[in-house]
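Numbering (the numbering used here), first residue to last: 82 to 510.
In structure tokens form, the structure reads like this:
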């Protein structure tokens, strides 16, 4: 019982922060959708999705690796290795960001991307290192068991800055153009990076100041690979669908799909908040050999996430059309069917619990290779088949099926390898 109180307290603190963030994101999405219309909002969403997918090689898996390793190294007081890990993570972000930006610049210059998108994408490239740095900084703070501080720069501060800039645009009668919105994103992300640097300086263990840096590059890169694949499929289930919609469908369909994803984001808040809180604790408990305490923590967490997410899911399934019309306008009413389909996948996702997190935090990340390989192939096939005839509806079906398969495979692997049950238990004991 003593362990559940801190969990609940941290959950509601982190969930409160994420709910505030999601509220800001929804408000921003409503403003942009109404100001730009389906086609303009679709173009903006397509460019942001391109940036997000391009950021995958930069950030994929790094957050999970940092959270687990920092939690373990601090617990074992290996300060030299911890300092080396932090230094290496910065070099990793900056190097890969440069490579990805160069590759995208070449694509624009060679006109592999259409001229309208390419002109705006030139400016959006700077978001790649900014987002990579934000992800790294948040993972460091989370690994140091400061989940609320880890969330603040990216999930609350950056959206707040964005909303403030949109208000300035509105009251100054300036144009709500896609290019101006990209400038705002760059400014907001830069503010988040500056604040995260300050938070880390205050949170970092003092022992690191007098420590030398020890590097274990081979081990870190080897561990990072399965983490990278896992993050890749998670992003693929959302942003990659938007990218393929832009290429195989049209930007208007991207707008409908992104509106549907706004609602689905509310459902995932419970599980996301739980994962932020319990990740380092699972790593510590499992490493110490306390199987019973680890299982108890996982069971409490899945119950909390279901309690927070299932009611929202059911509400959106039955009243999604009314909600979308009320918030985004009649132009986006077509997104309600995609929203219902995505809600079904998210319900299953929440019921199965923190499947990937449990595997990653217990040192079994290699077992995710089979799951993500199957799911990546399945997702690509489904998106390629379903998007041309059904557009946003086809993307939603593909994402839903892939998410269900992903959860089933990983839940089975987690139990087989650790004997930990991640899913919602039938018994209410």
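Glycine residues also receive a C-beta, built at the ideal position from the N, C-alpha and C atoms.
Exposure of residue 190 is indicated by the presence of fewer than 16 other C-beta atoms within 10 angstroms of its C-beta. Contact between the stretch 255-274 and the stretch 391-405 is absent, with fewer than three C-beta pairs closer than 8 Å. Cα atoms of residue 485 and residue 401: separation of roughly 21 Å, rounded to the nearest angstrom. Within the same chain, and ignoring the five residues on either side of residue 325 in sequence, the residues whose Cβ sits closer than 8 Å to its Cβ are 464, 465, 468, 476.
Shown here, residue 287 sits in a helix according to DSSP, grouped into three states. Counting the other CB atoms within 10 Å of its CB gives residue 142 a total of 16 or more, which places it among the buried residues.
The Cβ neighbour count for residue 117, taken over all protein chains shown within 10 Å, is at least 16; the residue is labelled buried. Listed in chain order, the alpha helix (DSSP H) elements of length 4 or more contained wholly in the stretch 361-433 are 372-409, 416-432. Each residue's CA atom was taken as its position, placing residue 147 and residue 177 some 17 Å apart.
Around the beta-carbon of residue 149, 16 or more other beta-carbon atoms lie within 10 Å, marking it buried. Residue burial annotation: residue 239 is buried, with at least 16 other C-beta atoms found within 10 angstroms of its C-beta. By the Cβ neighbour-count rule, residue 180 is exposed, with fewer than 16 other Cβ atoms within 10 Å of its own. Contact between residue 417 and residue 405 holds, since their C-beta atoms are separated by about 5 Å, short of 8 Å. Here the alpha carbons of residue 292 and residue 340 stand approximately 49 Å from one another. No Cβ-Cβ contact shorter than 8 Å links residue 471 with residue 332.
The alpha carbon of residue 294 has as its nearest neighbour, out of 423, 170, 501, the alpha carbon of 170. Here the C-alpha atom of residue 131 lies approximately 23 Å from the C-alpha atom of residue 347.
By the Cβ-count criterion, residue 275 is exposed, with fewer than 16 other Cβ atoms from all chains shown falling within 10 Å of its own Cβ. Excluding its 5 nearest sequence neighbours in each direction, residue 323 has C-beta neighbours in its own chain below 7 Å: 126, 127, 130, 335, 338, 339, listed in chain order. Going by beta carbons, residue 357 and residue 223 fall inside the 8 Å limit.
Cβ contact annotation for residue 266 (same chain, cutoff 8 Å, sequence separation greater than five): 129, 205, 208, 243, in chain order.
Nearest to residue 504 by C-alpha distance, out of 483, 436, 408, 192, is 436. Around the beta carbon of residue 370, a 10 Å sphere encloses fewer than 16 other beta carbons of the protein chains shown; the residue is thus reported as exposed.
Between residue 277 and residue 211, the C-beta spacing is not below 8 Å. Taking 8 Å as the cut-off, the Cβ atoms of residue 111 and residue 409 count as close. The beta-carbon distance between residue 225 and residue 174, rounded to whole angstroms, is 18 Å. This is too long to meet the 8 Å contact definition.
When secondary structure is reduced to three states using DSSP, residue 175 falls in the helix class. Counting along the chain, the unbroken alpha helix (DSSP H) around residue 483 starts and ends at 473-499. With respect to residue 289, residue 163 sits close: the two C-beta atoms are nearer than 8 Å.
In the DSSP annotation of this structure, the continuous segment of the alpha helix (DSSP H) that includes residue 327 starts and ends at 322-329. Residue environment: residue 155 is assigned as buried (16 or more neighbouring CB atoms within 10 Å of its CB, all protein chains considered). Contact between residue 446 and residue 438 does not hold, since their C-beta atoms are separated by about 11 Å, which reaches or exceeds 8 Å.
Within the same chain, Cβ atoms closer than 7 Å to the Cβ of residue 414 are found at 402, 405, 406, the five residues on either side in sequence being excluded. If you draw a straight line from the Cα of residue 345 to the Cα of residue 473, it comes to about 14 Å. Excluding five sequence positions before and after residue 455, the CB atoms of its chain that fall closer than 8 Å to its own CB belong to 486, 490, given in chain order.
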